[in-house]
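Chains L and V, in that order, are what the protein sequence lines are. Going by the numbering used here, the residue at position 131 of the first sequence is 131; the numbering climbs one at a time, nothing skipped. Going by the numbering used here, the residue at position 43 of the second sequence is 1043; the numbering climbs one at a time, nothing skipped. The beta carbon of each residue, even a glycine, is placed where N, CA and C say it ideally should be.
Number of protein chains: 2
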Amino acid sequence: MNFCSRCSAQTNLIVPPNDNRLRQVCSQCGEIHYENPKLVVGTVAFYNEKILLCRRAIEPRRGKWTLPAGFMELNETTQEGALRETLEEAGATVRPLKLMAVYDVVTANQVHLFYLAEMISENLDPGEESLDAQLFREEDIPWSDIAFRSVEAALRHFLLDRQQGFSMAVDHKVMR
Amino acid sequence: MNFCSRCSAQTNLIVPPNDNRLRQVCSQCGEIHYENPKLVVGTVAFYNEKILLCRRAIEPRRGKWTLPAGFMELNETTQEGALRETLEEAGATVRPLKLMAVYDVVTANQVHLFYLAEMISENLDPGEESLDAQLFREEDIPWSDIAFRSVEAALRHFLLDRQQGFSMAVDHKVMR
Chain L
1 MNFCSRCSAQ TNLIVPPNDN RLRQVCSQCG EIHYENPKLV VGTVAFYNEK ILLCRRAIEP
61 RRGKWTLPAG FMELNETTQE GALRETLEEA GATVRPLKLM AVYDVVTANQ VHLFYLAEMI
121 SENLDPGEES LDAQLFREED IPWSDIAFRS VEAALRHFLL DRQQGFSMAV DHKVMR
Chain V
1001 MNFCSRCSAQ TNLIVPPNDN RLRQVCSQCG EIHYENPKLV VGTVAFYNEK ILLCRRAIEP
1061 RRGKWTLPAG FMELNETTQE GALRETLEEA GATVRPLKLM AVYDVVTANQ VHLFYLAEMI
1121 SENLDPGEES LDAQLFREED IPWSDIAFRS VEAALRHFLL DRQQGFSMAV DHKVMR
């Protein structure tokens, strides 16, 4: 960022008064442009014994398998965002069951929230961000082609939690 | 936002190709400026039977009591952010015990995460954003002067969870 979105003047990377972090501060109007981590929301969705995965059509990790998930939008809840992403990326309509995982993905400046969700039907219709969407049995999960560590963690937690009748507490991990 | 932070040209509020939401898009370089909800991280911190609250020195809700919490910063975990805010706003050093609450505060476009934390000592040293920081017994909590609904929810959940030896699951609520 180099220019002020409020007045278009140049910004400088300085520590504002009463602050202790570098921020982009407008040289004209003084506006401080904060940058903060983003929320990524998604689902671990299942149909009977099978788990839903999408194959990424976009970078990063194009061609790798992922859970349906994406940036949370304004004016929605984390759960609404997770269901929206599941519909957009996989064409799957699901019933949310619980908040299942909170992952601090520090290197990406993201926090990932995954909901456990049950698919209403087997119907899939991959969206533009997906090359494919498929249902996998546990033994068929393409572990060596999973896009992100948070996705792998969510899948492993799902498999454990399923053994316990989905009674486990929210899985909370830090990924650096 | 009216100007592009990348090239300083004017932005227009339009729906970009392959999108379904209005975004500020640069009229010159085409950069899409996404806006997303923010994470607020804080603690419900206790010392023996008392709970830590801070009195806000800043708007909104100046003069009202709140839990130490603030916007998550880049390059930190949610827990690190929660401890940082507790130190900054109350001067309290705490030991985190667990992720206690996740609140979707839709109207504010925020997601609030609260950690249960135990204070290392009774020492307090309110920072610039606090008029005061105090430890309250349950019967002395100023319920009619609590700054935010998420703070009230976190306090009520804390009191319930304490009765159960802090064994309760993460409290997850939506506030509209």
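If you compare the alpha carbons of Leu116(L), Asn75(L), Gln134(L), Arg61(L) with that of Val94(L), the shortest gap goes to Leu116(L). Val106(L) sits in a helix when the DSSP states are folded into three classes. Residue-level contact by beta carbon holds for Pro37(L) and chain V, with a gap shorter than 8 Å. Here Arg56(L) carries a strand assignment [DSSP, helix/strand/coil].
Partner residues in the beta bridge of Asn1012(V), as assigned by DSSP, are Val1025(V). Secondary structure of Gln164(L) (DSSP, three-state): coil. Counting only residues of its own chain and dropping the five nearest sequence neighbours on each side, Thr66(L) has a CB closer than 6 Å to the CB of Cys54, Arg56, Ala147, Val151. In this structure, the CA atom of Gly91(L) is about 10 Å from the CA atom of Glu122(L). Counting of Cβ neighbours within 10 angstroms places Ile51(L) among the buried residues, the total reaching 16 or more.
Judged by DSSP secondary structure, Leu1083(V) falls within the alpha helix (DSSP H) whose first and last residues are 1078-1090. Under the Cβ criterion (8 Å, minimum of three pairs), the segment 35-42 of chain L counts as touching the segment 72-81 of chain L. Around Ser1008(V), the beta-carbon contacts reaching into chain L at under 7 Å are Phe3, Ser8. Counting every other CB atom within 10 Å of its CB across the protein chains shown gives Asp1161(V) a total of 16 or more, marking it as buried. About 11 Å separates the beta carbon of Ala69(L) from that of Tyr103(L), a gap too long to meet the 8 Å contact definition.
In this structure, DSSP gives Asp19(L) a state outside helix and strand, which the three-state scheme calls coil. Residue contact check for Arg56(L) against chain V: no CB pair falls below 8 Å.
Cβ proximity to chain L below 7 Å picks out Leu1099, Val1102, Asp1104, Val1106, Asn1109, Val1111 from the segment 1083-1116 of chain V. Across the structure, Phe1166(V) and Glu1118(V) are spaced so that their CA atoms are roughly 12 Å apart. Ranking Leu1022(V), Arg1176(V), Leu1159(V), Asn1109(V) by CA distance to the CA of Met1168(V) puts Leu1159(V) first. Legend: CB atoms of the segment 1067-1083 of chain V lying less than 9 Å from CB atoms of chain L belong to residues Phe1071, Met1072, Glu1073, Leu1074, Asn1075, Glu1076, Thr1077, Thr1078, Gln1079, Glu1080, Gly1081. Between Phe1046(V) and the set Gln1134(V), Asn1036(V), Arg1084(V), the nearest pair of CA atoms involves Gln1134(V). Within the segment 164-175 of chain L, the residues whose Cβ lies closer than 7 Å to some Cβ of chain V are Ala169, Val170, His172, Val174, listed in chain order. In this structure, DSSP gives Glu1031(V) a state outside helix and strand, which the three-state scheme calls coil. Taking the CA atoms as reference points, Ser5(L) sits about 14 Å from Gly1030(V). The C-beta of Ser1008(V) has 16 or more other C-beta atoms within 10 Å across all chains shown, which makes the residue buried. Beta bridge pairing from DSSP links Pro1096(V) with Ala1117(V).
With a 10 Å radius around the Cβ and a threshold of 16 neighbouring Cβ atoms, Ser144(L) comes out exposed. With respect to the 8 Å criterion, His1157(V) and Ala1101(V) are classified as neighbours on the basis of their beta carbons. Sequence-distant Cβ neighbours of Leu22(L) in its own chain, meaning closer than 8 Å and more than five residues away, are Leu13, Ile14, Val15.
At a cut-off of 8 Å between C-beta atoms, Arg1021(V) counts as an interface residue with respect to chain L.
Under the Cβ criterion of 8 Å, Glu1031(V) is not counted among the residues facing chain L. For Asn1018(V), the chain L residues whose Cβ falls inside 7 Å of its Cβ are Glu128, in order along the chain. Inter-residue distance for Leu155(L) and Glu1073(V) is about 28 Å (C-alpha atoms, whole angstroms). Rounded to the nearest whole angstrom, the CA to CA distance from Arg61(L) to Glu129(L) is 12 Å.
Within the same chain, and ignoring the five residues on either side of Asp171(L) in sequence, the residues whose Cβ sits closer than 6 Å to its Cβ are Ala101, His157. Residue burial is scored here from C-beta neighbours: Gly81(L) has at least 16 other C-beta atoms within 10 angstroms and is therefore classed as buried.
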